[in-house]
Each structure stands twice: as C-alpha cells, then as structure tokens.
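Undergrad: Sharing a structure with you now.
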Amino acid sequence: MAVAESGYSDKTDDQRAITEMVRQFVDNEVLPIAEEHDHEDKFPDAVVEQMKELGLFGVTIPEEYGGMGLDLTTYAMIVEELSRGWISVSGIVNTHFIGSYLLMKFGTEEQRQELLPRMATGEIRAAFSLSEPEVGSDVQGIKGGAKQVDGGDWELNGQKMWVTNGLRSGLVFVLMKTDPNAEPAYKGMTCFITEKEPGAAENTGDYAGLTVPPQIRKMGYKGVESTELVYDGYRCSPDRVLGGEQGVGEGFVQMMDALEVGRVNVAARGVGIAQRALELALRYSQERKTFGKPIAAHQAIQFKLADMATKVEAARLLTLKSARMKDAGERSDLEAGMAKLFASETGKEVVEESFRIHGGYGYSKEYEIERLYRDAPLLLIGEGTSEIQRMVIGKKLLQRNKI
Ligand SMILES: Cc1cc2nc3c(=O)[nH]c(=O)nc-3n(C[C@H](O)[C@H](O)[C@H](O)COP(=O)(O)OP(=O)(O)OC[C@H]3O[C@@H](n4cnc5c(N)ncnc54)[C@H](O)[C@@H]3O)c2cc1C
Numbered sequence: 138m139a140v141a142e143s144g145y146s147d148k149t150d151d152q153r154a155i156t157e158m159v160r161q162f163v164d165n166e167v168l169p170i171a172e173e174h175d176h177e178d179k180f181p182d183a184v185v186e187q188m189k190e191l192g193l194f195g196v197t198i199p200e201e202y203g204g205m206g207l208d209l210t211t212y213a214m215i216v217e218e219l220s221r222g223w224i225s226v227s228g229i230v231n232t233h234f235i236g237s238y239l240l241m242k243f244g245t246e247e248q249r250q251e252l253l254p255r256m257a258t259g260e261i262r263a264a265f266s267l268s269e270p271e272v273g274s275d276v277q278g279i280k281g282g283a284k285q286v287d288g289g290d291w292e293l294n295g296q297k298m299w300v301t302n303g304l305r306s307g308l309v310f311v312l313m314k315t316d317p318n319a320e321p322a323y324k325g326m327t328c329f330i331t332e333k334e335p336g337a338a339e340n341t342g343d344y345a346g347l348t349v350p351p352q353i354r355k356m357g358y359k360g361v362e363s364t365e366l367v368y369d370g371y372r373c374s375p376d377r378v379l380g381g382e383q384g385v386g387e388g389f390v391q392m393m394d395a396l397e398v399g400r401v402n403v404a405a406r407g408v409g410i411a412q413r414a415l416e417l418a419l420r421y422s423q424e425r426k427t428f429g430k431p432i433a434a435h436q437a438i439q440f441k442l443a444d445m446a447t448k449v450e451a452a453r454l455l456t457l458k459s460a461r462m463k464d465a466g467e468r469s470d471l472e473a474g475m476a477k478l479f480a481s482e483t484g485k486e487v488v489e490e491s492f493r494i495h496g497g498y499g500y501s502k503e504y505e506i507e508r509l510y511r512d513a514p515l516l517l518i519g520e521g522t523s524e525i526q527r528m529v530i531g532k533k534l535l536q537r538n539k540i
C-alpha cells in the first residue's frame with residue numbers, strides 16, 4: 138500500500154516519469170522477491186539484469202558516455218524508490234554510482250572513455266574501498282600502501298574491509314597510501330582504479346595479487362556481498378591512478394568529495410526504508426483489531442503514525458535540498474551531513490515504530506518489517522557514522538559562522 142499523495146509535487150515531469158517507472162519496477166519485481174532473497178542471503182541476479190535494461194547503472198553518467206545524464210536530485214529520488222523495495226538493491230548501485238562520480242569528476246578523458254560506457258550499461262560494476270580492519274572513520278589512518286616499481290608500475294599491498302560488491306564488481310576504486318611520510322597524512326594518499334575478475338575469489342593473470350576472502354556474514358543488508366579484499370603485490374600501470382599522474386597524492390580529497398554525494402545517497406536510502414515502514418504500519422494498523430476496534434483508532438497509534446509520517450517528510454526534504462544544492466554547484470557538505478544524519482536516524486526510528494505497531498508479528502520472519510528492522514541500522518554506519526556526521530556538521534557550522 139502506497140501512502141496517498143497530494144496532487145502537489147515539486148518533481149519535474151521527467152522526474153515524475155522516471156520515479157513512477159522505478160516504483161512500478163520495485164512493486165512488481167523487487168518487493169515480491171526481497172524476503173526470499175534476504176532469508177537465503179541470495180544475490181538478486183534477475184533484478185540486476187532488469188536494472189541494466191532500465192539503464193539504472195548509468196543514471197548519472199553523461200549521455201555522451203552512454204548514460205542518462207540525470208542530476209543528483211533525480212538520482213536521489215530513484216534511490217529512495219529502490220530502497221523502499223530493498224536497501225540491498227540500492228546498495229548494488231550505490232558503490233557503482235560513487236565509482237562513476239569519481240571517474241566523471243577526477244578521471245582523465247582516456248579513463249572516462251574507456252570505462253564509463255561499460256559502466257553505464259552495467260557491463261562492469263564498481264565498488265569503492267576506504268575501510269580497513271583497523272580503520273573506518275579515521276580514513277587518514279589507513280595502512281594499505283602502493284609504491285612505484287620497475288618501469289613505473291604501482292604495486293599495491295594491504296588489506297581492505299567491508300567492500301560492498303567486493304566479489305562481483307569488476308572495478309574497485311581503492312584508496313592507498315603512496316607517501317607514508319606525508320604531512321599531513323592525507324596528502325600522501327592516492328586512489329587507484331583496480332580491475333578484477335567479477336566473481337573470482339582468486340584473481341590471476343593481469344589481476345594476480347588480489348584475493349577476495351569469503352563474504353562477511355551480516356545481520357541484515359543481505360543478498361549484496363560485503364567482503365574483505367587482500368592486495369598482495371597487485372600491479373597496476375600508472376594510467377590506473379585516478380586522474381593520471383596529477384592524481385598522485387589527491388586520493389583523499391577525491392574520496393571525500395565522493396563521500397559527500399554518497400551521503401546524499403545514503404540519506405535517500407533512509408527515506409526509502411522509512412517510507413516503506415510507514416506504509417506497512419498504515420496498513421497493519423487498520424487491519425489489526427484490539428479492544429473491539431482497529432489499532433489505528435487508538436490515539437497512541439495515531440500519534441506514532443503522525444510522528445513517523447512527519448519525520449519521513451522532513452528527511453525527504455532535507456535530502457532533496459542537499460541534492461539540489463549540489464546540482465546547483467553550491468557547497469553542500471553541511472547539508473549533506475545533516476541529510477545523512479537525520480534521514481538515517483529517521484530510517485531506524487520509523488522502522489522501530491512500525492515494528493512496535495506490528496506487535497508480536499513484527500518479530501516473525503513472515504512479516505516484511507522484520508527484514509527492515511535488520512536492514513535499517515546499516516545506514517547509521519555506512520558513509521560515516523552519526524557521530525562523524527555531527528563532527529562534520531559542527532565543524533562546517535563554525536567555519537561558516539566565524540566571528
Ligand atoms: C554493511 C557495510 C558495508 C560497508 N561498505 C563499505 C564500502 O563499500 N566501502 C568502504 O570503504 N567501507 C564500507 N563500510 C565501512 C564503513 O564505512 C565503516 O564501518 C564506517 O565508516 C565506520 O568505521 P568503523 O566500522 O571502523 O568504526 P570506527 O571508526 O572504529 O568507529 C567506532 C565507533 O566510534 C565512533 N567514533 C569514531 N571516531 C569518533 C570520534 N572522533 N568522535 C566520536 N565518536 C567516534 C564511531 O561513530 C563509532 O560509533 C561498510 C560497513 C558496513 C557495516
């Protein structure tokens with residue numbers, strides 16, 4: 138059951154058309170398979186093939202490279218719809234979107250021409266990798282490194298952690314230390330475009346030196362794999378430095394820029410999961426009766442629904458505002474942080490309220506809310522925890538309001 142919408146919409150005609158198309162796709166193809174795939178932790182191959190046909194891997198890639206050339210705002214609307222169905226499906230496009238953003242903004246023209254057309258069709262899919270077993274929030278503390286050897290090739294060594302799409306992707310945008318003595322540390326970091334064999338645990342030939350250990354077993358966010366990656370003497374040529382020679386030492390800044398749009402993306406996922414939890418609560422509360430009436434007739438339940446719907450709407454507005462600012466070429470670091478913080482917390486809160494409204498059935502695997510309850514907490518962590526968002530927001534507020 139979708140929540141009734143008013144006639145008013147601040148979407149353009151094109152945005153309405155594409156989000157409607159994605160909503161139908163989600164209702165017809167994603168929601169019906171999500172529970173089974175979640176319970177069996179199974180990758181949704183058929184859904185991904187359909188997403189390729191719909192062009193969803195190339196939403197933000199410019200038309201000249203075979204994509205749709207849509208803006209971040211429209212992308213955020215699409216991500217909300219996908220996440221309303223199953224956040225794992227949005228996770229499959231999320232890292233790919235970050236990879237294509239990195240290429241579009243920082244890649245050389247050769248890198249763009251070579252990779253973007255194949256990324257736009259989904260022929261190759263991308264992952265991105267900052268985190269390590271000992272480092273997540275404090276990105277400057279990574280240990281993985283790369284050094285130039287022989288004829289100028291780079292050799293990469295290090296262990297990466299929590300790489301979403303780490304097994305099935307064909308490209309990993311990976312951050313490595315290239316100057317361990319740099320002061321400050323972030324100036325000694327470089328982003329490499331590492332190629333691999335999709336689906337191979339042990340890479341050989343040109344990609345030898347990159348191993349993908351068995352996927353990490355997770356509480357939720359099933360279906361899409363999160364893996365470690367072990368670079369052990371992996372070689373790549375200098376043209377695999379993002380941005381070419383000029384990109385050496387620029388990796389941290391490039392990745393932080395990409396995380397800003399990644400935060401809008403996670404915010405949109407928070408809105409999507411919260412929206413779905415609200416829909417489930419609206420339906421269940423009108424079906425379930427206690428004390429002779431539907432539970433929706435109890436004021437305590439109505440108040441919950443009221444707070445849930447208000448938070449969903451507020452999270453959506455914050456998310457779209459930050460996306461629109463970025464599209465307008467304005468700085469949106471503060472706004473993206475606020476959107477990510479508020480929408481991910483909203484995702485968790487609204488899912489929990491919906492779970493409560495479902496009573497004992499919310500605890501049963503027969504009900505969709507059980508999956509949402511396990512999926513929602515991821516959004517509090519990925520692309521920077523809530524604590525890190527508050528640090529970003531606080532710092533930016535003081536910078537912008539210096540006395
Ligand atoms: C399912 C999943 C998928 C992921 N996918 C990817 C991916 O594709 N690519 C990738 O690179 N990473 C990925 N990550 C990693 C994710 O980005 C990190 O988990 C996240 O950044 C937090 O890092 P950490 O887990 O090392 O926590 P830590 O940094 O160790 O933090 C632990 C706790 O301390 C808090 N904390 C840390 N520093 C401070 C501080 N200065 N002040 C106050 N509190 C602080 C944190 O908020 C947190 O509560 C994924 C994670 C998960 C769970």
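Numbering (my numbering), first residue to last: 138 to 540. Even glycine gets a Cβ: it sits at the ideal position worked out from N, Cα and C.
Taking only the alpha-carbon atoms, compute the straight-line gap between proline 270 and methionine 298 and give it to the nearest angstrom.
TA: Roughly 5 Å separates the two Cα atoms.
Undergrad: Please report how far the alpha carbon of glycine 282 lies from the alpha carbon of alanine 473, in whole angstroms.
TA: Their Cα atoms are separated by approximately 30 Å.
Undergrad: If you compare alpha carbons, which of Gly273, Thr149 and Leu267 is closest to methionine 214?
TA: With distances taken between Cα atoms, methionine 214 lies closest to Thr149.
Undergrad: Give a yes or no on contact between the region 347-365 and the region 198-215, applying the rule of three or more CB pairs nearer than 8 Å.
TA: No, they do not touch.
Undergrad: I'd like to confirm the pairing. Which residues does DSSP put opposite valine 286 in its beta bridges?
TA: Looking at the DSSP assignment, valine 286 forms a beta bridge with Asp290.
Undergrad: With a threshold of 7 Å (Cβ to nearest heavy atom), would lysine 359 be considered close to ligand 1?
TA: False, no ligand heavy atom lies under 7 Å from that Cβ.
Undergrad: Quick one, which of Arg468, Arg511 and Glu486 has its alpha-carbon nearest lysine 533's?
TA: The option with the nearest alpha carbon to lysine 533 is Arg468.
Undergrad: Suppose you measure from the CA of glutamine 285 to the CA of methionine 313; what does that come to, to the nearest Å?
TA: If I take the Cα positions, the gap works out to 12 Å.
Undergrad: Can isoleucine 540 be considered in contact with ligand 1, in the sense that its beta carbon sits closer than 7 Å to one or more heavy atoms?
TA: Result no, Cβ not under 7 Å from ligand 1.
Undergrad: So aspartate 369 is in the beta strand (DSSP E); what residue range does that whole segment cover?
TA: Note, aspartate 369: beta strand (DSSP E), 363-373.
Undergrad: Return the residue from the list Leu191, Glu166 and Asp512 that minimises the CA-CA distance to lysine 355.
TA: Of the listed residues, the one whose Cα sits closest to lysine 355 is Asp512.
Undergrad: According to DSSP, isoleucine 330 sits in a beta bridge with which residue or residues?
TA: Paired residue(s): Phe310.
Undergrad: Is the distance from the Cβ of threonine 211 to the Cβ of phenylalanine 234 below 8 Å?
TA: No.
Undergrad: Please confirm whether tyrosine 238 and valine 398 have their CB atoms less than 8 Å apart.
TA: Closer than 8 Å, so yes.
Undergrad: Looking at alanine 264 and valine 300, is the spacing between their C-beta atoms short of 8 Å?
TA: Yes, the Cβ-Cβ distance between valine 300 and alanine 264 is below 8 Å.
Undergrad: Taking 8 Å as the threshold (C-beta atoms), are valine 488 and leucine 509 in contact?
TA: In this structure, valine 488 lies closer than 8 Å to leucine 509 by Cβ.
Undergrad: Just tell me which of Arg537, Glu505 and Arg153 has its CA closest to the CA of alanine 414.
TA: Looking at the Cα atoms, Glu505 is the closest of the given residues.
Undergrad: Apart from the five residues on each side of it in sequence, which residues of its chain come closer than 7 Å, Cβ to Cβ, to glutamate 218?
TA: So the list reads Thr156, Val159, Arg160, Val163 and Gly409, once near-sequence residues are dropped.
Undergrad: Do you know offhand how far histidine 495's Cα is from glycine 407's?
TA: Whole-angstrom Cα-Cα distance: 20 Å.
Undergrad: To test your reading of the DSSP string, which unbroken alpha helix (DSSP H) runs of 4 or more residues are found completely within the region 201-240?
TA: Runs of the alpha helix (DSSP H) inside the region 201-240: 209-222.
Undergrad: Do proline 181 and valine 226 have their C-beta atoms within less than 8 Å of each other?
TA: Contact flag set, yes.
Undergrad: Which one or two residues does DSSP pair with lysine 426 in a beta bridge?
TA: According to DSSP, lysine 426 bridges with Pro431.
Undergrad: Taking phenylalanine 329 and leucine 293 to be in contact with their CB atoms under 8 Å, please state how far apart those CB atoms are, rounded to whole angstroms.
TA: So it is a contact: roughly 6 Å between Cβ atoms.
Undergrad: Within the present structure, is the beta-carbon of lysine 324 separated from the nearest heavy atom of ligand 1 by less than 7 Å?
TA: Answer for lysine 324: no, Cβ out of range of ligand 1.
Undergrad: Taking only three categories from DSSP, how would you classify phenylalanine 180?
TA: Phenylalanine 180 falls in the coil class under three-state DSSP.
Undergrad: Would glycine 386 and threonine 327 be called neighbours here (beta carbons separated by less than 8 Å)?
TA: Contact flag set, yes.
Undergrad: Under the rule that 16 or more other beta-carbon atoms within 10 Å means buried, what is histidine 174, buried or exposed?
TA: The residue in question, histidine 174, is buried, as its Cβ has 16 or more Cβ neighbours within 10 Å.
Undergrad: Have a look at alanine 572 and glycine 228 and give me their C-alpha separation to the nearest angstrom.
TA: What is shown of the chain runs 138 to 540, which leaves residue 572 out entirely.
Undergrad: Closer than 7 Å: is that where the CB of glycine 519 sits relative to any heavy atom of ligand 1?
TA: Glycine 519 Cβ: within cutoff of ligand 1.
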